[in-house]
Structure formats: C-alpha cells, structure tokens
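These protein sequence lines are chains A and B, in that order.
Under the working numbering, the residues of the first sequence are numbered 59 to 466, in order.
Under the working numbering, the residues of the second sequence are numbered 177 to 515, in order.
All C-beta atoms, glycine included, are put in the ideal place defined by N, C-alpha and C.
Bear in mind that the values here come from a model prediction, so they are computed numbers and not experimental data.
A quick write-up on the structure given underneath.
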Amino acid sequence: MAENLARLDSSAPFLELPAARRSRVRRLAESFTLDLGEPDARVAGLPVGTRQRIEIAGALAADPGILILDEPTAVLSPDETASLFASLRRRADSGKAVVLITHRLTEVFETADRLTLLARGRTVKECRVADTTAEEIGSLLLGSAERHEHASQGGLRPPTAADRGRSAVLDASAIVPSGTSAPPTSFSLAEGELLVLLAIDGNGADTLARCVAGMHPFSGRIEVSGRSLPNSGDPRAFRAAGGRFVPADRRAEGLVASLSLAENLALPTPPGRLFLDGAAMARLAGERLRQHGIRAESPSSPAATLSGGNQQKLVLARELDDRLGPPRLMVAVHPTRGLDLSAAAAVRDRIEEARRAGTAVLVASSDPEEARLLGGTLEVVYRGALSGPLSPETPLPALGRRMAGLAS
Amino acid sequence: MTVVSRPRVLFAAAIAASTLVLLAVLVLVAGASPGEALAALVGGSVGSGAALGETLTRATSLVLCAAGAVLALRAGVLNIGLDGQFLMGAAAAAAVGPLLDGTPNAARLALLLAAAAAGAVFAAPAVWLSERRGVPPVLSTILLNLVAAAAVTWLVRGPLQDRAADYPQSRPLSTSVRLRPLAPGVRTTAAFPVALLLAAGSGVFLSRTKAGLKLRAAGASPAAARAIGLADAPLRAGALLGSAAFAGLAGGLEVAAVTGRLFDPFGSGVGYLGIAAALLGGTGAGGATAAALFFAALGAGSSALQRDTGVPAAVAMIVPGLLVLGVLLVRRRLSGDEA
Numbered sequence: 059m060a061e062n063l064a065r066l067d068s069s070a071p072f073l074e075l076p077a078a079r080r081s082r083v084r085r086l087a088e089s090f091t092l093d094l095g096e097p098d099a100r101v102a103g104l105p106v107g108t109r110q111r112i113e114i115a116g117a118l119a120a121d122p123g124i125l126i127l128d129e130p131t132a133v134l135s136p137d138e139t140a141s142l143f144a145s146l147r148r149r150a151d152s153g154k155a156v157v158l159i160t161h162r163l164t165e166v167f168e169t170a171d172r173l174t175l176l177a178r179g180r181t182v183k184e185c186r187v188a189d190t191t192a193e194e195i196g197s198l199l200l201g202s203a204e205r206h207e208h209a210s211q212g213g214l215r216p217p218t219a220a221d222r223g224r225s226a227v228l229d230a231s232a233i234v235p236s237g238t239s240a241p242p243t244s245f246s247l248a249e250g251e252l253l254v255l256l257a258i259d260g261n262g263a264d265t266l267a268r269c270v271a272g273m274h275p276f277s278g279r280i281e282v283s284g285r286s287l288p289n290s291g292d293p294r295a296f297r298a299a300g301g302r303f304v305p306a307d308r309r310a311e312g313l314v315a316s317l318s319l320a321e322n323l324a325l326p327t328p329p330g331r332l333f334l335d336g337a338a339m340a341r342l343a344g345e346r347l348r349q350h351g352i353r354a355e356s357p358s359s360p361a362a363t364l365s366g367g368n369q370q371k372l373v374l375a376r377e378l379d380d381r382l383g384p385p386r387l388m389v390a391v392h393p394t395r396g397l398d399l400s401a402a403a404a405v406r407d408r409i410e411e412a413r414r415a416g417t418a419v420l421v422a423s424s425d426p427e428e429a430r431l432l433g434g435t436l437e438v439v440y441r442g443a444l445s446g447p448l449s450p451e452t453p454l455p456a457l458g459r460r461m462a463g464l465a466s
Numbered sequence: 177m178t179v180v181s182r183p184r185v186l187f188a189a190a191i192a193a194s195t196l197v198l199l200a201v202l203v204l205v206a207g208a209s210p211g212e213a214l215a216a217l218v219g220g221s222v223g224s225g226a227a228l229g230e231t232l233t234r235a236t237s238l239v240l241c242a243a244g245a246v247l248a249l250r251a252g253v254l255n256i257g258l259d260g261q262f263l264m265g266a267a268a269a270a271a272v273g274p275l276l277d278g279t280p281n282a283a284r285l286a287l288l289l290a291a292a293a294a295g296a297v298f299a300a301p302a303v304w305l306s307e308r309r310g311v312p313p314v315l316s317t318i319l320l321n322l323v324a325a326a327a328v329t330w331l332v333r334g335p336l337q338d339r340a341a342d343y344p345q346s347r348p349l350s351t352s353v354r355l356r357p358l359a360p361g362v363r364t365t366a367a368f369p370v371a372l373l374l375a376a377g378s379g380v381f382l383s384r385t386k387a388g389l390k391l392r393a394a395g396a397s398p399a400a401a402r403a404i405g406l407a408d409a410p411l412r413a414g415a416l417l418g419s420a421a422f423a424g425l426a427g428g429l430e431v432a433a434v435t436g437r438l439f440d441p442f443g444s445g446v447g448y449l450g451i452a453a454a455l456l457g458g459t460g461a462g463g464a465t466a467a468a469l470f471f472a473a474l475g476a477g478s479s480a481l482q483r484d485t486g487v488p489a490a491v492a493m494i495v496p497g498l499l500v501l502g503v504l505l506v507r508r509r510l511s512g513d514e515a
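What follows is the structure in structure tokens.
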C-alpha cells in the first residue's frame, strides 16, 4: 500500500526508508481522514474501496493545481465522503481547481461552485450552482434522456408476515465466503421478496451475493428452490435451480462484448437443434430490444458498442427471459451503478416487475439511495456481518452510520 | 464499424507493399533481378498444371493446420502444438498403414481416423495440465512439440524402421492404401478437396452451430461464459482436442497422399505455418484457408525461384513471418484506436 501511494504521489521523496515511509503514509491518511489500512498490506489483497481511497490519497498528497475526480465517492462511506468534500472545498477556496465528475446531484449541490450538465456527450446546461436548484437539474437530466412510460411507482412495502409464510426460494445458512474472515451469515428469501445487502465496498456484500450465484466458493449451506448448491461455486447449478445473475461488471461478466446483441441474448441456450436458428434469434432479439427499450444500431452490432445503460438493460433482458423457465431467484450486484437516471429507473422497474411476478430478488449495493429506491428489506453488511433487517424508510444518516460501522 | 475498416485496408496494403519491397531488396542482394524472381515465383506456383498441383499438394496440410489453429484460437486457446500433433498423426498413419489390407477405402478411412485420434490424444496432456493444474496450453504444447520431434527421431530408427532399407525411415504404405493423384502428371490427390471441405465445415461449425456460438463466447470472454452458465472448461478442452485432431489428420494425409512413409525430420514446421496462416487470415476459417493457399503457393514458387534464379528458397519463406508480424501490428494499432 505504502509503495503504491508513493508512486501515485509525485511529491513523495525519491528514496525513503521503509519505516519513514510507513509513518509518512500514516500521517497522510490521518490528514485526509481516509481509512487506508496497513501501510505494508498488499494492494492485490485489499478491497476495491480501500484501493479507491489509496488513489484519492495519492492524488491529494501531490497537491496539484488541477485535480480531476471521476466518481470518487462510489465506494466511500458517508463520513468519508463528507471529509473528502471538506478537503476539496478547502482546495478550491485556496485558489486551486477541482473538477468533480459525478452522477449524484446531492454532491454537486453540497460542494460545487459551477456545474456543467452532460447528457449523451452534449452539454445540456452550464451555470453557477447558486443560480439553479437540484429539482431543475434533476428534471433536465430525466427530460434529456429517453422518456419513460413506466416511472417508478414508489411506495414499495417491506415484506409482511404473510410473505414470510411462503416457501423459501433462497435459504443461506451459516455461510462464510472462502478467503474471508467474515462471521457465518444466514438469510433467506421467499417468493416475491426483495433483500438488499447494503455495504461500503469491501465489506463483503457483493461476495455474499456472488456465493449465492455460484460465482464464489463458500462454506456453509445455500439452497435455491430446495436444491443445495455445491460449495465450490457452480453457476450452472445455480441456474438449473432457477437462479439468474446480474454481475457488477457488465463488460467482463455480464456480456460477451465482442458478440452481437442477438448472440448475447440467445446465450446460454441458443435456439435451434444442432444449427443456430437464425430467424428465431433475430425474432428474439427484435422482441427483447423493443420490450426493454434498448437503444442499438442493429441486433447484429457487437454488445461493446452499447452505452453502459443499454448494456445493463441487455443483461436484464437476457436474465429475465422466461425461455429458460420462470426466474425463481435473481441476484444482482450494484445493478444501477454508473447508470444515468433514466437507465437506472428502467433497471429498477425491471427488478420490481420480476419481484411482483414472484421472483425472489437479492441485491448487493453500496448506494443507500439505490437501496431505498429498490424497496424491500435492507440488511447493512459491515465487515461481513449483517445488521439485521431494516426498513427501506430508515433515514440516510442512520444507514450511513451503520455502513461505516459506527452503530450496531 | 465503417470508421475502422478504412485504416485497416490502408494498413494491410501498406504492409503487403513493404513486404514486397523488402523481398525485392533481398532478391537484389542475392544477385538476381526482382522481375525474374517474381516471374519464377508466379510460374512455379500457379504458372502450369504441374505447378498448381504442387501448390495444392503443399496446401493440404497447411489448410488443415490453419483451420485447427482457428478452432482453438476462437475458443481462446493458443495451440502451438499443431506441429507435434501433425507429427503424431503422421507417425500413427505410418505405424497403422503397412498393417492395413482389404478394401482400400475402408483401410484409408481407418488410417485417417487413427491419425486424427493420435493428434487429439497427443494434445490430451495439455488439456489436463491446463484445466487441473493451470498450466497455459501455450507452454505445454510447445514442450509437447519437442517430445513429438524426438519421438519421430526414435520411431524411424526403432520400432517403425524399414528393415529393408538402411535409411532411418518407416516401412512404406502398400500402394492400395495410398491416395492416387487426381490427374496424371500432378501430385494432387483427393486429400486436397477433403482438407478444403473440412476447413469449410469448421467455419460453418463456428459461425452457424449452437456449439460454435458457445465456443466463441467462451473464447471471447471466459468470465462472462462462466457467469452465463456455459460449461467453459469442456468447450475449451473440446476446441483444443478438435484442433489437434485436424493437425493429426493433416499428418496422416501427408503420409497417405504424399510421402507414403515417415522419416526424420518430417513436415518442415507446417504446424507453425498453420498458426501464421490463421493469424494472417484474421482467425476466421475463410481467411485462414486463403492465407494457407497463399503460403503454399509461396512455398511451391520458392522452389522454382531457387531453381531458375539461384535465389535461396528460404528468402521467399521470410514473407509469411513478416506478413503476420505486420498484421499483428495493425491489429494492435486499431484496437488501440478503438479503445
């Protein structure tokens, strides 16, 4: 960690004794109030949240004249975000330039002097923050994007006792993801239930979700639709039990970027016996693109050419396809991360539709807003341990404290 | 993406042109005129029926090895072991061939199946090492090539040696089993159309079958294939074994159609040239076949080059390597532009 930080920080001494470096790094971490972990830790073993904080610390330490941050808070706790913004504010007040690229309106209105609103690569609005309101910018963002017929309904209720009486679709008991020191964790989901595992990245929410989806080995027992999943992690067993998976990294795991949209939609069970049924594939692609409002040049363009939002819609279109039988359990990791407001709303709507149709949904998220908009039950994960069920109406500051491990 | 295709064509033209210029310079250095050299190259490869026959005979193994290389590359496996698998196929044909009797066509089929199987069996250790021990097939198949070359050296001096001859070579196949030329005066046999058909079949398999689509998905993105629920390990293993069977079959056909026996050294690196053809052909079955035909013509032409102008045949065979390096350069440039 210390070596990486020294590389990022152009003001670091060229030669430095390890002990001196360790203490300098500790002082740096304290001065930015960022939790960077142990100076001697190997970065390869650190969670992505900590890596992000190391990068931010490295950029701040060099004290540059212009600082550009691209979505720096995606993996920070609310407290860390506040202290980062306080230090950005101090830099700006001392006459240095800070450019913040963000999807979150609250961040803009808390910290920025001026804003430039971009949509689809074009400047929609440029003004002083004091001259506008969050409501105006929000409606501009939604308005400039594709019109959405089915805006989120809101008013999603947490599951009632009657729901709990239904048969369990997912039953995870005493699971510990391999390679972690998390305490054994148990949770279950019935038909039509939604559970959000909310955590700052690196606290194990995504790993728990990946264990369920057969993408990470674990100890303990996971049953989906009454079938026990192998501990070594087997996505095929998960899918055979009616499981569907929306991974965090769409480009690496969600889609085969070089294959066409039609081919992506046809996988994993393309139509046809031995040969591909081209007509059926084209029909399927046409239907799905229309149903899910996926904006694409043609069904034969490579998935890589889609925007992030359309890629995520494509993943959901494939995963919610009932050609493979009804989806019983959907596991989604950061389903709306990095998406524009309209695409995020569309993704949430799809998840809600599936839930209403009886699919049990498990979401891992690091964004309290996303979690609250999805509705359902919340469980805050801190260092691998669950907080116990919380209502989606839990106030943000309380969620933030739990995510940062300040309240139990 | 039309934006990409124009620089690609320009780059390809530039590379072909600079390769030709370099070749002309080398011919001048060797003391001949580039015009005469070109005439010898063209005349020796496609200038007459016999020359064309020579080209197609050389192309047979190359087309099969190139198709095999494409099959593995599309599944994300770099099978450097085509050459060793080719040798094992040839060895199997040389071992089984002299024993076969009876109806010629049944005997030929048995011979070629044995050759294809030998190629696949020889790649099996690479599959096992890769899936169970994480050893990259690039490494294991290179090492297996060394094993195959040593095995041929031993076989033709040991168990397969022709007692009737003093040379290190195997007993000949009986003439009833050997493939006959398609026309009098040329060496080309039915092996060439068979190779073309198989290469076309592998192209159809990749682009038009369900298994081919799954294989391309597993090759393009192993992580996504796994997450989607494809059995990526069996797909990779199948592609490598299939690729090896193509090379083994090429070895068997070389023995059955051209040499009639195994000797040492054998095959002059046709497996490596197959990989070069696959890369030059853009890892597609059609392109790879075209590149294999071009390399074969170059090989046939280079013999005429040496005979007619005294320029060493090796000079012409510099071209494949240079072309492939150029293609890889273009691809890197373009993927850089796209990113």
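Cβ pair residue i, residue j closer than 8 Å
i: N261(A); j: G442(A); result: yes
i: A324(B); j: F298(B); result: yes
i: F276(A); j: E437(A); result: no
i: G457(B); j: G463(B); result: yes
i: I404(B); j: P326(A); result: yes
i: L287(B); j: G418(B); result: no
i: A228(A); j: G434(A); result: The sequence given here places Leu at residue 228(A); Ala does not occur at that position. Not in contact: L228(A) and G434(A) (Cβ atoms no closer than 8 Å).
i: G447(B); j: A472(B); result: no
i: P496(B); j: L474(B); result: yes
i: R234(B); j: A476(B); result: yes
Contacts that residue i makes with chain B (C-beta to C-beta distance below 9 Å)
i: L118(A); result: Residues of chain B passing the Cβ test: none, with the nearest at roughly 28 Å.
i: P385(A); result: The premise fails here: P385(A) is roughly 13 Å from chain B at the closest Cβ pair, so nothing lies under 9 Å.
i: G312(A); result: A400, A403, I404
Separation of residue j from residue i, as counted between CA atoms
i: A240(A); j: G336(A); result: 48 Å
i: P453(A); j: A230(A); result: 28 Å
i: A412(A); j: F167(A); result: 35 Å
i: E138(A); j: E113(A); result: 14 Å
i: V180(B); j: L464(A); result: Residue placement at V180(B) is poorly supported in this model, since its pLDDT is 43, which falls under 50; the coordinates still yield a value, given next. Each residue's alpha carbon lies about 53 Å from the other.
i: R395(A); j: V389(A); result: 15 Å
i: A415(B); j: V303(B); result: 10 Å
i: P312(B); j: T169(A); result: 51 Å
i: T279(B); j: T236(B); result: 24 Å
i: S152(A); j: L146(A); result: 10 Å
i: A291(B); j: A268(B); result: 5 Å
i: P217(A); j: R65(A); result: With a pLDDT of 45 at P217(A), under the threshold of 50, the modelled position of that residue is not reliable, and no figure is offered here.
i: S423(A); j: A306(A); result: 10 Å
When the options are compared against residue i, the one with the closest alpha-carbon
i: L247(A); options: R353(A), G416(A), R268(A); result: G416(A)
i: S316(B); options: T364(B), N255(B), A426(B); result: N255(B)
i: P335(B); options: L199(B), F422(B), S346(B); result: S346(B)
i: T108(A); options: E311(A), I258(A), V83(A), S225(A); result: I258(A)
i: E165(A); options: A144(A), E184(A), K154(A); result: A144(A)
i: P328(A); options: D338(B), G427(B), L391(B); result: L391(B)
i: A375(A); options: G383(A), A361(A), H350(A); result: H350(A)
i: G460(B); options: A433(B), F187(B), S378(B), V328(B); result: S378(B)
i: G599(B); options: P496(B), V487(B), R363(B); result: It is not possible to answer for residue 599(B), since the shown part of chain B is limited to 177 through 515.
i: V254(A); options: L75(A), L63(A), L66(A), P426(A); result: P426(A)
i: L163(A); options: L175(A), V157(A), V156(A), K154(A); result: L175(A)
i: P385(A); options: A299(A), F333(A), A306(A); result: A299(A)
i: A200(B); options: L275(B), E212(B), A190(B); result: E212(B)
i: S450(A); options: K371(A), L86(A), L256(A); result: One point to set straight first is that residue 450(A) is Pro, not Ser, in the sequence displayed. When each option's Cα is compared against that of P450(A), the closest is L256(A).
Cross-strand partners of residue i (DSSP beta bridge)
i: S423(A); result: L256(A)
i: G301(A); result: L387(A)
i: F333(A); result: T385(B)
i: V156(A); result: L125(A)
i: C185(A); result: L173(A)
Listed by chain order, chain B residues near residue i by CB distance under 8 Å
i: F303(A); result: A403
Within chain A, the residues that residue i reaches when beta carbons sit closer than 7 Å
i: R339(B); result: What R339(B) touches in chain A: nothing, since even the nearest Cβ is about 49 Å away.
i: T385(B); result: L332, F333, L334
Residue i: contacting residues in chain A (beta-carbon distance under 8 Å)
i: A466(B); result: Result: empty, since nearest Cβ-Cβ is about 22 Å, beyond 8 Å.
Interface residues of chain B facing residue i [CB-CB closer than 7 Å]
i: S316(A); result: A396
i: M273(A); result: A403
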